[in-house]
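Heads up, the thing below is written out as structure tokens.
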Amino acid sequence: MTSGPGFELEAHAKINLTLEVLGKRDDGHHDIVSIMQTIDLHDTLAMRPSDEITLSCDDPELGGDDNLAFVAALKLREAAGVNRGVDISLGKRIPVSAGLGGGSSDAAAVLNGLNRLWELELDLPELEDIAAGIGSDVPFFLSGGTALVQGRGEHVVPLAHANIEWMVVVAPGSDLPDKTARLYGQIVASDHTRGVLTHKLAGRIRGGGDAPAQFFFNVFEPYADKVFPEYASIRETFRGLGAMGILMSGAGPSMFALAPSREVGVAWQLMLEMQHGLCSFLTRRWDPPDSVRKSTMRAHASRDSTT
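Just so we're aligned: the sequence shown equals residues 189 to 495 in the working numbering.
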């Protein structure tokens with residue numbers, strides 16, 4: 189039974205300005221280094237107190253107990269040692285399995301929301317430990333913004349705001365089973381790097397937010413044409429439009445391109461629809477309030493000083 193007041197949260201998508209793979213770990217995962225940026229494209233989650241943990245979604249195929257939002261609620265309840273419930277209503281707008289982190293962002297929103305709803309008062313490092321057990325990108329989404337992400341994704345270092353604004357995001361909708369595993373299977377030892385490009389870009393952003401597109405990099409980009417048939421033609425359309433910073437996000441198939449203005453972005457959307465019959469998203473960088481960013485930086489500084 190649902191009872192009592194609730195609230196609604198946004199769960200923002202992300203893009204990867206860089207994504208480098210340093211090598212494969214003994215546990216089968218890969219060590220990565222990446223600069224991630226949340227964008228305004230978002231899902232919505234409404235949460236209300238309930239006797240049990242339940243999840244409904246406007247996409248019926250995503251309403252099962254394997255949804256990361258549902259998993260996050262179970263994991264948090266177990267970690268906190270409480271017997272509480274919640275009714276979660278999920279409105280999906282972020283494309284699924286598209287390299288934009290929608291499921292991970294939903295999970296992080298549930299962790300943040302239930303920490304408030306259940307009055308748990310867990311601090312950020314405690315939430316990050318739980319998040320890391322749910323998915324590699326989930327710790328990043330607890331705070332969002334611009335961040336340097338390392339390890340399997342569990343080490344998150346907030347950065348200054350990246351100096352990017354408008355972008356067009358295209359999600360071709362390729363339904364590829366085990367997409368991420370297949371892409372990792374494509375890369376070879378010579379694709380492993382030391383993270384030099386990412387750390388250079390992180391230094392530029394720290395120094396004033398500058399994020400030149402020539403530093404953008406995705407280790408999977410050379411293999412995108414082989415795995416996603418539409419990728420090459422969409423990229424060429426962006427190039428023909430004079431777009432900058434054209435890059436696949438995460439393990440794809442979504443790609444984004446920086447637009448110099450909202451008006452130019454709208455024109456690009458029309459061209460993409462005409463040439464490829466694709467819907468796209470005109471969106472912009474999204475950052476949490478400065479108060480959240482500052483508290484995040486303090487939490488990480490405190491954690492680093494004790495480890």
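We put the beta carbon where it would ideally sit given N, CA and C, even for glycine.
Only a predicted model underlies this, so the values are computations on that prediction, with no experimental measurement involved.
Simplified DSSP state of residue i, which is helix, strand or coil
i, result
"Pro448", "coil"
"Ser324", "coil"
"Asn255", "coil"
"Val358", "strand"
"Met189", "Any reading at Met189 must be qualified, since the residue scores a pLDDT of 49, below 50, and its modelled position is unreliable; the value itself is stated next. Note: Met189 maps to coil in three-state DSSP."
"Pro346", "strand"
"Leu364", "coil"
"Leu299", "helix"
"Leu205", "strand"
"Ala412", "helix"
"Ala377", "helix"
"Phe404", "coil"
"Ala431", "coil"
Integer Cβ distance of residue i from residue j, believed to fall under 8 Å
i, j, result
"Arg281", "His230", "7 Å"
"His387", "Leu210", "Not confirmed; about 11 Å, so no contact."
"Val509", "Ser468", "Residue 509 is absent from the model: the chain starts at 189 and stops at 495."
"Pro476", "Gly333", "5 Å"
"Leu256", "Ser292", "6 Å"
Distance, residue j Cα to residue i Cα
i, j, result
"Leu385", "Asp219", "15 Å"
"Arg236", "Met459", "42 Å"
"Ala199", "Asp325", "13 Å"
"Gly252", "Gly430", "42 Å"
"Asp228", "Arg472", "6 Å"
"Ala335", "Ala439", "18 Å"
"Thr232", "Ala260", "16 Å"
"Asp254", "Leu278", "14 Å"
"Ala319", "Leu446", "30 Å"
"Ile203", "Ala412", "16 Å"
"Thr206", "Asp239", "43 Å"
"Leu299", "Thr226", "17 Å"
"Ile276", "Asp478", "28 Å"
"Ile352", "Leu302", "32 Å"
"Phe408", "Pro193", "45 Å"
"Phe195", "Ser421", "42 Å"
"Ile393", "Gly361", "32 Å"
Opening and closing residue of the alpha helix (DSSP H) in which residue i lies
i, result
"Pro313", "312 to 320"
"Lys387", "The question names Lys, but residue 387 in the sequence shown is His. That run of the alpha helix (DSSP H) goes 384 to 394."
"Phe426", "419 to 428"
Status (buried if at least 16 other CB within 10 Å, exposed otherwise) for residue i
i, result
"Asn271", "exposed"
"Glu266", "exposed"
"Pro441", "buried"
"Lys414", "exposed"
"Asp444", "Going by the sequence as given, residue 444 is Phe instead of Asp. It is buried - the Cβ of Phe444 has at least 16 other Cβ atoms within 10 Å."
"Met189", "With a pLDDT of 49 at Met189, under the threshold of 50, the predicted position of this residue should be treated as unreliable, though the coordinate-derived value follows. With fewer than 16 other Cβ atoms within 10 Å, it is exposed."
"Ala295", "buried"
Host beta strand (DSSP E) of residue i (start-end)
i, result
"Arg340", "Segment: none, Arg340 is in no beta strand (DSSP E) and carries neither H nor E."
"Pro248", "First-last for Pro248: undefined, no H or E at that position."
"Val274", "273 to 279"
"Leu233", "218 to 238"
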